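Heads up, the thing below is written out as structure tokens.
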């Protein structure tokens, strides 16, 4: 039998390290059957949009930049009916068809979750109509496409003096993508994740059905899709709750050398009603000359500068805070911030205070992105590891990981901050620790080759494995956020007692396992019914 052609994808990455430019070339070999028997039937489907069977390489990669699987085709839908038509066509082909469908938003998945090897990738950003619709009133909301970016929703809703309540740290992501996971940032302690701020969804199920769902209509699908990792349906439209938007933000950073004081203050801040609007933190490992670098990354405008502080290579913990306000309330907000800070135990000489616009604060990560893109440093492997850790185990985790495993300077931020479980809905598909307060700890590393010439990616993967093994050995009750497993047995452990409900929903809404094959939870052509 003649072998299908081999496509050699060469990716050239440029890394900057210690003032030197290093050229690194990685090659990924993927075999693609360009003569699939399914192609003719797809070409004659009645669509408003179109298929692309040739320019598919962009859909074979994601932000993680570790897995590259070429799809057979990329669907550029103009309407929701386009997506439904394609999925229904595959559903009608029955369990013997190997075709699968993956919805791809901005491609920010980490482990190939938005890819469909030899399947169909739906380019969700093509699904633009109808445009963002903002509704004012006592309970304002916005109706948006599942392929819309959160940054665009922010800009449009601000025209009405409104904005979504909960965010991710990075706003150039699609609505369907973040709602399929959870959507979490420093506002989650107050408003919950983004999936706690959705009123209604339009979903295309694995049977090709277009279903409207909410808490009062098709509620099982509604809760299942939220945080459902794309397993039960493709989110094509969402109704997002809004609130009055502030004009300005008081942006604050302070340092701690004592982890107990750091977590105690974080937990204190998320428990009060009259607190900050945003609470996050991050870990600084083995850094010297800290403040100069920190001022550049913080990029404050007219800041209150911290006095000279020597880190001496110690592990430090940064508390990052934000207080929203209107310009006519400056004196009031100054007093409130001063009162709140007086209750904390940070190192006094490390206080940074800045004032920025609401948009500049929320879109802060995009500034770093543009700098990295200008240096060709954005498209490198990102072997991120995101963990949810019970409050009762966070000190054990910190001692084992920050004290023993991570002793060198990390190749990226390490976020750590607590959230309130009461702000999460147990009916959704997201799996979180059982305790009332749990921490998000995110290792947002970039795989830059080390100065010794060793493989930076391999080093980080080994490090991530050590962290996970420590969590399991110490029985910390950790759950992965943006989880990735390769075996169904591992997924079963991840979901625990909720696995049966997850399987039941899969058998109801996507029994042939057509959707989201990149999650590697269920195998195609294995019907549940």
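In our numbering, the protein residues as written are 16 to 544. For glycine and all other residues, C-beta sits at the position ideal for the given N, C-alpha and C. Note that the structure is a prediction, hence the values are computed from the model and not measured.
DSSP-derived helix/strand/coil call for residue i
i: residue 55; result: helix
i: residue 251; result: strand
i: residue 314; result: For residue 314, the predicted structure reports a pLDDT of 49, less than 50, and the residue's modelled location is therefore unreliable. A value from the coordinates is still provided. In the structure shown, residue 314 sits in coil (DSSP, three-state: anything other than H, G, I, E or B).
i: residue 45; result: Annotation note: pLDDT 43 at residue 45 (below 50); position unreliable, coordinate value reported separately. Here residue 45 sits in strand by DSSP.
i: residue 175; result: coil
i: residue 229; result: strand
i: residue 158; result: strand
i: residue 431; result: strand
i: residue 532; result: helix
i: residue 288; result: coil
i: residue 438; result: helix
i: residue 346; result: helix
i: residue 135; result: strand
i: residue 405; result: strand
Whether residue i touches residue j by CB criterion (7 Å)
i: residue 195; j: residue 245; result: yes
i: residue 443; j: residue 238; result: yes
i: residue 117; j: residue 190; result: no
i: residue 482; j: residue 416; result: yes
i: residue 198; j: residue 183; result: yes
i: residue 340; j: residue 261; result: yes
i: residue 233; j: residue 240; result: no
i: residue 71; j: residue 57; result: no
Rounded separation between residue i and residue j - CA only
i: residue 392; j: residue 80; result: 12 Å
i: residue 498; j: residue 430; result: 17 Å
i: residue 526; j: residue 119; result: 21 Å
i: residue 294; j: residue 201; result: 5 Å
i: residue 342; j: residue 265; result: 11 Å
i: residue 370; j: residue 334; result: 17 Å
i: residue 505; j: residue 138; result: 29 Å
i: residue 514; j: residue 236; result: 16 Å
i: residue 372; j: residue 111; result: 55 Å
i: residue 536; j: residue 352; result: 46 Å
i: residue 486; j: residue 403; result: 11 Å
i: residue 131; j: residue 496; result: 21 Å
i: residue 418; j: residue 155; result: 47 Å
i: residue 425; j: residue 472; result: 12 Å
i: residue 422; j: residue 301; result: 7 Å
i: residue 407; j: residue 223; result: 44 Å
i: residue 545; j: residue 263; result: Residue 545 is absent from the structure shown; the chain starts at 16 and stops at 544.
i: residue 151; j: residue 215; result: 16 Å
Residue i: CB within 6 Å of a non-hydrogen atom of the ligand SAM
i: residue 254; result: No copy of the ligand SAM appears in this structure; indeed no ligand is present at all.
Expected contact under 8 Å - CB spacing of residue i and residue j to nearest Å
i: residue 359; j: residue 280; result: 5 Å
i: residue 126; j: residue 82; result: 6 Å
i: residue 134; j: residue 114; result: 6 Å
i: residue 93; j: residue 64; result: 4 Å
Given residue i as reference, the closest of the options once Cα atoms are compared
i: residue 427; options: 436, 457, 411; result: 457
i: residue 385; options: 70, 145, 185, 58; result: 185
i: residue 451; options: 154, 282, 344, 389; result: 282
i: residue 153; options: 257, 365, 131, 103; result: 257
i: residue 285; options: 454, 353, 228, 223; result: 454
i: residue 61; options: 102, 69, 76; result: 102
i: residue 96; options: 193, 158, 74, 218; result: 218
Contact with chain C by residue i, beta-carbon distance below 7 Å
i: residue 539; result: In the structure shown, chain C does not exist; there is a single protein chain.
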